[in-house]
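This report refers to the structure that appears directly beneath it.
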Amino acid sequence: MSILIDKNTKVITQGITGATGLFHAQGARDYGTQMVGGVTPGKGGQTIDGFPIFNTVEEAVKATGATASVIYVPPIGSADAIMEAVDAGIELVICITEGVPVLDMVKVKKYMEGKKCRLVGPNCPGVITAGQSKIGIMPGYIHKPGPVGVISRSGTLTYEAVWQLTTRDIGQTTCVGIGGDPVNGTSHLEALKMFEADPETKAVIMIGEIGGDAEEKAAEYVRDHMTKPVAAFIAGATAPAGKRMGHAGAIISGGKGDAASKKAFLRECGISVADSPAEMAEALLKIWQP
Amino acid sequence: MNIHEYQAKAILRNFGVPVPEGHVVYNSNSARDWAKRLGDGPWAVKAQIHAGGRGKGGGVKIAKTADEVKQYARDMFGMTLVTHQTGPEGKVVKRVLIEEGSNIADEFYVSFLVDRATAKVTLMASAEGGVNIEEVAEKTPEKLFFEAVDPVVGLLPFQARKVAFKMGFALPQVKQAVPILMNLYKAFVESDCSLLEINPMIQTVEGKLICLDAKLNFDDNALFRHLRIRDLRDYEEEDPMEIEAGQYDLSYIALDGNIGCMVNGAGLAMATMDIIQLHGASPANFLDVGGSATIERVTEAFKIILSDKKVEGILVNIFGGIMKCDVIATGVVEAAKQVGIKIPLVVRLEGTNVELGKEILAKSGLDIVSADGMADAAEKIVKAVNG
């Protein structure tokens, strides 16, 4: 068990003929992921490094039986690519692309309402189930199978947390990079719920950032429903105040969004919060032993 | 991206939103000429800077004669306007907007923005206009009204009506407010705004609704499809280092400390700043080299960090995913060759191609301190700089 993906998950890459798409499709295959093909409109019928290419996601799904898709399509076409995957019946769409317009994501979220599809991202490192399947841009070798789930808005900070666990000989079930954009597919809260339901996950590290109130909502769930120990780190304690563009965003989402108030609230909810990013694993070990 | 008030009003006018007639000027003589063309006065003379709170700092004046317009404009040109949004250094006024005056009977607040929680564009309105809306939200949240917009059908007339009645308008004003709100929404989505704020929207003594001030912010990620809006960018309003960084797709923000940072990923960059502070020093900057930095960009990143004279040491913290450690290492070596790094440099590499990266650094002959882990890296750079 794990969440979202495992060794049986069949994946296609949208944008596979781009340099980035191909590089990470190869990396995923090397890790053991069932990367069964890719989509690039106009190049259907060809192959690239052994991956069959299809013109549309629909064709790719029909031919390969893929249930997951990873998107490296440039920002101008990312929203369209996500919705194409949703329409083709893909169950899990992971959008790596950085720089997708926010209003495109507003449309995507509306389009996905009522559809049986989960989106992770955009602007995220992807999802990895340690030792089984890697869908995204994370370096595979830093992960090791084990009992800890990891959730993060940030890519590289996720690697940091994973590395701290692995070097202490503590493995991971699944690591989910939910992405740093204001409107994204999967929230901290939804990822926590999946880890709570997963019997193999025994503890969770959640990494947040300043701004918004997604971490607070997840913390309320930890306080009220979560049976597994959770440790956290909030990045941005030293970020300069007044660099925000508008003030209306903080008002509507409630809460102040600064690191100090987030950390205080998380601690109130029973989460072990690390002050230093070098102590994320330590914070978990204070409240849980593998 | 931010634009000036007069530019925002020009955009809104194109969407059929009532804004005062006016003209931007760059010297006080033309201020007087334009005042006469706009009518008999009174006129509003408004300093154009990318910050709110201009009135309190002397950046907004009401003139009764054309000579007064000229005088106020002359006072404003070149003045450093300090408001609660400019920071203590303030901003120099280089453009002034001359507008026809309005007889204000009442003031209201209207804005549109994307609500993260609902993933919808949301209309926010209040009968409390012309004031700091953050205070209204904190002290009297019941006076703020929200309406989430379905992206498929857009803001519907009944939604605009609901909000207009809640704002306390009488029927003649509700009839004006509905198309104004719908056109503001249209302007928001068709221009890919991240924030559209009208504060205040006024009701004149004659009963007419006018958007007296306008603030538009745009989603940088969507500027590729709004070339005319992109051209409105005023580089003089921005930090020159941040502009320089932006040309190489680097995300850079100058800070007050003495330890320069180069990191990949915004989250890790913030965390690196945090850990420098935890070790008793201060970061000189936030710098995210992004996920696909080229050797050229890494070299530029170093040049930008080193151009800050406060910087006494540099910490490079890279955890490679897309970004390969050998690219970073090559960039470090190139930059050292080009600009010469004479201050302590601590490099922490982990992730894709880490061994290759470490090898490139070791063979370079440069005086680079290698670190294992973030805590070790922070400790080493702080010790090297502060002793």
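Chain order of the listed sequences is H and R.
Note that the numbering used here gives residue 256 to position 256 of the first sequence, counting from 1, and the numbers run on in steps of one.
Note that the numbering used here gives residue 145 to position 145 of the second sequence, counting from 1, and the numbers run on in steps of one.
Note that the Cβ used here is the ideal one computed from N, Cα and C, for glycine as well.
Status (buried if at least 16 other CB within 10 Å, exposed otherwise) for residue i
i, result
"R37/R", "exposed"
"S253/H", "Reliability fails at S253/H, whose pLDDT of 49 lies under 50, so the model's placement of it is uncertain and no value is given."
"R348/R", "buried"
"R168/H", "exposed"
"Q46/H", "exposed"
"A248/H", "The predicted model places A248/H with a pLDDT of 45, which falls under 50 and marks its position as unreliable; any figure quoted below should be read in that light. A248/H comes out buried."
"N388/R", "This structure leaves residue 388/R out entirely; chain R is present only between 1 and 387."
"E134/R", "exposed"
"I135/H", "buried"
"K243/H", "Because the pLDDT at K243/H is just 49, under 50, the model does not fix this residue reliably, and the point stays unresolved."
"V153/R", "exposed"
"E215/H", "buried"
"P101/H", "buried"
"R297/R", "buried"
"I287/H", "exposed"
"Y294/H", "The displayed coordinates of chain H run from 1 to 290. Any statement about residue 294/H would go beyond what the structure contains."
"F302/R", "buried"
"V178/R", "buried"
"H225/H", "exposed"
"P240/R", "exposed"
Beta-carbon proximity check, residue i vs residue j, cutoff 9 Å
i, j, result
"L196/R", "S111/R", "yes"
"F77/R", "P200/R", "no"
"I341/R", "I314/R", "yes"
"G320/R", "E350/R", "yes"
"R118/H", "V150/H", "no"
"P74/H", "A63/H", "no"
"A371/R", "V354/R", "no"
"L306/R", "V339/R", "yes"
"E389/R", "E100/R", "Residue 389/R falls outside the range modelled here, since chain R spans only 1 to 387, and no answer is possible."
"I178/H", "A161/H", "no"
"T238/H", "M374/R", "no"
"V148/H", "T97/H", "no"
Residue(s) in a DSSP beta bridge with residue i
i, result
"D288/R", "S251/R and V263/R"
"D30/H", "Answer by DSSP bridge pairing: none, since D30/H is not bridged."
"W43/R", "A63/R and E100/R"
"R2/R", "Note that residue 2/R corresponds to Asn in the displayed sequence, not to Arg. Its beta-bridge partners are N217/R."
"A148/R", "T122/R"
"Q172/H", "V148/H"
"A231/H", "I205/H and S272/H"
"S307/R", "S307/R pairs with nothing; no bridge assigned."
"C95/H", "I71/H"
"K10/H", "Q34/H"
"K208/R", "Bridge partners of K208/R: none, in fact."
Boundaries (first-last residue) of the alpha helix (DSSP H) holding residue i
i, result
"A160/R", "P157 to K166"
"E196/H", "H188 to A197"
"C325/R", "C325 to V339"
"L103/H", "V102 to M112"
"G155/H", "G155 to T167"
"G52/R", "It is not in any alpha helix (DSSP H) - G52/R carries neither H nor E in the DSSP assignment."
Endpoints, beta strand (DSSP E) assigned at residue i
i, result
"F201/R", "Looking at the sequence shown, residue 201/R is not Phe but Met. Note, M201/R: beta strand (DSSP E), C193 to T204."
"F15/R", "Premise fails: F15/R is in no beta strand (DSSP E) and is neither H nor E."
"Q85/R", "Segment: none, Q85/R is in no beta strand (DSSP E) and carries neither H nor E."
"E21/R", "Note, E21/R: premise wrong, no beta strand (DSSP E); not H, not E."
"M83/H", "Unbroken run through M83/H is the alpha helix (DSSP H), P75 to D87; no beta strand (DSSP E)."
"M138/H", "Taken as a continuous stretch (DSSP letters only), M138/H belongs to no beta strand (DSSP E), as it is neither H nor E."
"I71/H", "A68 to I71"
"K127/H", "As written in the sequence, residue 127/H is Val, which differs from the Lys given in the question. Looking at the DSSP string, the run of the beta strand (DSSP E) that includes V127/H is G126 to T129."
"N317/R", "G313 to G320"
"P172/R", "Not the beta strand (DSSP E): P172/R falls in the alpha helix (DSSP H), residues L171 to E190."
Residue i beta carbon near the ligand MG (any heavy atom closer than 8 Å)
i, result
"I343/R", "Absence of the ligand MG is noted for the structure shown, with no ligands found whatsoever."
Query - Interface positions of the segment 110-133 of chain R facing chain H (Cβ-Cβ less than 8 Å), listed along the chain - result: S111, L113, V114, D115, R116, A117, A119, K120, V121, T122, M124 and I133
**Report entry** Against chain H: residues of the segment 300-329 of chain R by CB proximity under 7 Å
**Finding:** F319, G320, G321 and I322
Query raised in the report: Listed from N- to C-terminal order along the chain, which residues in the segment 250-280 of chain R have their beta-carbon within a distance smaller than 7 Å of any beta-carbon of chain A?
Result: Absence of chain A from the displayed structure is noted, the protein chains being H and R.
Query - Selection of the segment 260-277 of chain H by Cβ proximity to chain R, strictly under 7 Å - result: D275, S276 and P277
Query raised in the report: Of the residues that make up the segment 145-172 of chain H, which ones have a beta carbon closer than 9 Å to any beta carbon in chain R?
Result: S152, R153, S154, G155, T156, L157, T158, Y159, E160, W163, Q164 and T167
Query raised in the report: Between the segment 217-238 of chain R and chain H, which residues of the former have a C-beta closer than 7 Å to a C-beta of the latter?
Result: N217, D219, N221, A222 and F224
Report task. Pull out every residue of the segment 91-103 of chain H whose Cβ sits closer than 8 Å to any Cβ of chain R, in chain order. Result -> E98, G99, V100, P101, V102 and L103
Query - Positions along the segment 338-358 of chain R whose CB lies within less than 7 Å of some CB in chain H - result: E350, G351 and T352
Query raised in the report: For the segment 148-168 of chain R, which residues have a CB atom closer than 8 Å to at least one CB atom of chain H, in sequence order?
Result: D150, P151 and V152
Query raised in the report: When you check each C-beta in the segment 54-81 of chain R against every C-beta of chain H, which residues fall closer than 8 Å?
Result: none
Query raised in the report: For the segment 364-382 of chain R, which residues have a CB atom closer than 7 Å to at least one CB atom of chain H, in sequence order?
Result: G373, M374 and A375
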